[in-house]
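Numbers 22 to 440, taken from our numbering, label the letters of the sequence shown in order.
Where a beta carbon is used, it is the ideal one built from N, C-alpha and C, also for glycine.
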Amino acid sequence: MFLGDKRMCVKYVAPGGTGAAAATAAGGAAAGKGGDGTPAPPSPDAQAAGRSFHNGRFVRRLRELAAATPGVALAQGTVLSLVEDPATGTVTGVRFRDGGPGSAVQTATAALTIACDGCFSRLRAAAVPPPPGAGPPPIEVASRFVGLLLRAGSLPYPAHGHVVLADPSPVLFYPVSSTTVRCLVDLPPSLPATTDLRSHMLGVIAPQLPDGLREPFEAAVAAGGWRSMPNRTMVAPPSARPGALLLGDAFNMRHPLTGGGMTVALADVGLLRSALAGVPDLTDTAAVAAALDGVTAARKPLSSTINILANALYAVFSPGPAASRRHMRDACFDYLARGGRCATDPVAMLGGLRPAPYLLIGHFFGVAVYGCGREVMVGGGVAAAWRLFRDAFNIVKPLIDGEGVTAVRWIPLARLGGA
Ligand SMILES: Cc1cc2nc3c(=O)[nH]c(=O)nc-3n(C[C@H](O)[C@H](O)[C@H](O)COP(=O)(O)OP(=O)(O)OC[C@H]3O[C@@H](n4cnc5c(N)ncnc54)[C@H](O)[C@@H]3O)c2cc1C
């Protein structure tokens with residue numbers, strides 16, 4: 022069950038996601054005519070490569086592959102709600118309309134209903150039973166992205182994605198064809214709601230961009246027609262109702278700075294497929310629940326690594342006015358620029374090739390210690406070093422606690438207090 026999708030959007034899937042995709046029908050959709058064939062830069066693992074492609078064509082191709090699978094019937098419509106057995110609370114399908122608002126409401130029944138209706142999921146709240154005394158999983162809007170398509174933009178490193186560490190927050194560029202570059206301008210929550218976006222982009226962002234991108238950027242801003250999207254974050258809820266499960270952004274979201282959403286979603290599809298293959302009868306809710314418990318544990322290393330990295334990097338790259346935060350951004354850049362494992366490990370984690378939360382925490386605090394050392398060396402002293410360390414801790418600890426990974430979560434401090 023799906024909606025017709027008119028979005029014009031290009032996505033990048035990291036090597037870890039294309040590996041997962043290759044194990045599913047999505048591999049055919051990305052590699053076949055769904056993809057535009059733009060290869061991503063080489064990854065630290067020479068065997069692995071990411072891909073960028075036109076999202077609409079990718080999804081259309083996936084639907085064609087699904088439709089060609091024996092036993093599959095596709096229906097296009099708007100899902101209104103889950104249907105549940107009032108006696109047991111088990112989800113037994115969905116209510117939907119296959120036409121406009123006045124069309125008849127129909128019901129589709131299923132032993133297992135998989136809700137993957139994206140970041141604005143209408144089904145999430147009903148599919149996830151809130152823990153006793155608690156509400157639905159908290160969703161934060163970390164920032165907004167304005168998307169632009171630059172004609173004839175020339176990237177400093179062709180065929181590579183670029184993150185410009187601009188103020189107040191980063192700007193992303195990546196190639197989507199030999200002549201077109203996708204640009205995503207981040208708008209942090211600190212930007213007043215009354216900000217005139219056109220003036221912000223032309224007056225604040227454009228002067229910070231590299232030569233070769235500035236003029237096409239200004240032309241794209243002047244052409245208008247751009248709109249902004251919220252960048253939402255949400256930790257994966259621990260379980261869903263019997264008979265239902267969530268996938269993709271309906272299930273788990275992180276800041277899209279690192280383009281990790283599809284990697285996590287496709288990896289989850291691969292894990293689910295393997296787990297459910299061992300359940301002969303999907304109406305056996307106990308067997309399905311046991312299989313899903315296994316998936317919850319198995320997905321943690323990859324999803325937590327990508328989620329924490331994305332959210333932490335966004336926080337580091339959007340420092341605001343505090344000197345300690347700006348110094349941390351500089352330290353992070355210089356740490357990555359050192360090369361060797363300072364660069365290859367973070368890139369491998371970002372690309373979904375190293376699902377290793379401990380390694381991530383190690384590098385994060387490596388950046389913090391490196392930054393503290395610089396503070397002491399350049400004369401800021403111990404107080405400045407402490408402020409930087411405190412800020413680093415305060416960025417990453419809530420993320421570790423939220424994901425529930427690594428022994429760092431046992432440190433009984435959610436934050437370090439002010440200096
Ligand atoms: C600006 C931006 C850029 C991004 N760039 C990247 C990137 O480069 N790489 C990457 O990996 N990730 C990226 N992401 C994240 C990525 O878009 C998501 O993680 C991914 O699309 C999640 O897939 P999904 O299928 O869960 O949701 P979606 O792709 O949002 O798909 C949900 C589908 O459900 C349909 N639907 C919704 N409600 C209903 C309903 N009631 N009934 C029927 N159908 C319904 C929608 O029409 C849609 O087709 C980006 C996110 C943003 C905001």
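Here the C-alpha atom of residue 270 lies approximately 15 Å from the C-alpha atom of residue 320.
Ligand 1 approaches residue 73 closely enough that one of its heavy atoms is under 8 Å from the residue's Cβ.
Rounded to the nearest whole angstrom, the C-alpha separation of residue 341 and residue 188 is 8 Å. When DSSP states are grouped into helix, strand and coil, residue 235 belongs to the helix group.
Excluding five sequence positions before and after residue 177, the CB atoms of its chain that fall closer than 6 Å to its own CB belong to 231, given in chain order. In this structure residue 166 is in contact with residue 206, their Cβ atoms being roughly 7 Å apart against a cut-off of 8 Å. Beta-bridge annotation (DSSP): residue 181 is not paired with any residue. 9 Å or more divides the Cβ of residue 148 from the Cβ of residue 240. In this structure, DSSP gives residue 332 a helical state, which the three-state scheme calls helix.
If you draw a 10 Å sphere on the C-beta of residue 136, you find 16 or more other C-beta atoms in it, and that means buried. Counting other Cβ atoms within 10 Å of its Cβ, residue 243 stays below 16 and is therefore classed as exposed. Counting only runs of at least 3 residues, the stretch 136 to 172 fully encloses the following beta strand (DSSP E) elements, listed from N- to C-terminal order: 161 to 172.
With contacts defined by Cβ atoms closer than 9 Å, residue 289 and residue 343 do not form a contacting pair. Its chain contains 411, 414 and 415 as the residues whose beta carbon lies nearer than 7 Å to that of residue 437, once the 5 sequence neighbours on both sides are disregarded; these appear in chain order. Per DSSP, residue 221 lies in no beta strand (DSSP E) segment and is marked neither H nor E.
Beta-bridge partners of residue 251 (DSSP): 165. In the structure shown, residue 72 adopts extended strand secondary structure according to DSSP, grouped into three states. Looking at the DSSP output, residue 114 sits in a beta bridge with 104 and 130. In summary, residue 385 is buried, with 16 or more beta-carbon neighbours lying within 10 Å of its beta-carbon over all protein chains present. Per DSSP, reduced to three states, the secondary structure at residue 215 is coil, with no helix or strand assignment. At least one heavy atom of ligand 1 lies less than 8 Å from the C-beta of residue 270. Annotation for residue 328 indicates a beta carbon at 8 Å or more from all heavy atoms of ligand 1.
Three or more beta-carbon pairs separated by less than 8 Å are not found between the stretch 189 to 198 and the stretch 289 to 299, which leaves the two stretches without contact. When only Cα atoms are considered, residue 220 and residue 184 end up about 21 Å apart. Leaving aside the five residues that flank residue 426 on each side, the residues in its chain whose CB is nearer than 7 Å to its CB run, in chain order, 321, 325 and 378. By the Cβ neighbour-count rule, residue 210 is exposed, with fewer than 16 other Cβ atoms within 10 Å of its own. Residue 119 sits exposed, since fewer than 16 C-beta atoms from the chains shown fall within 10 Å of its C-beta.
Residue burial is scored here from C-beta neighbours: residue 405 has at least 16 other C-beta atoms within 10 angstroms and is therefore classed as buried. Residue 128 is classed as exposed because its beta carbon has fewer than 16 other beta carbons within 10 Å across all chains shown. If you look at residue 197, you'll find it isn't in any alpha helix (DSSP H); DSSP assigns it neither H nor E.
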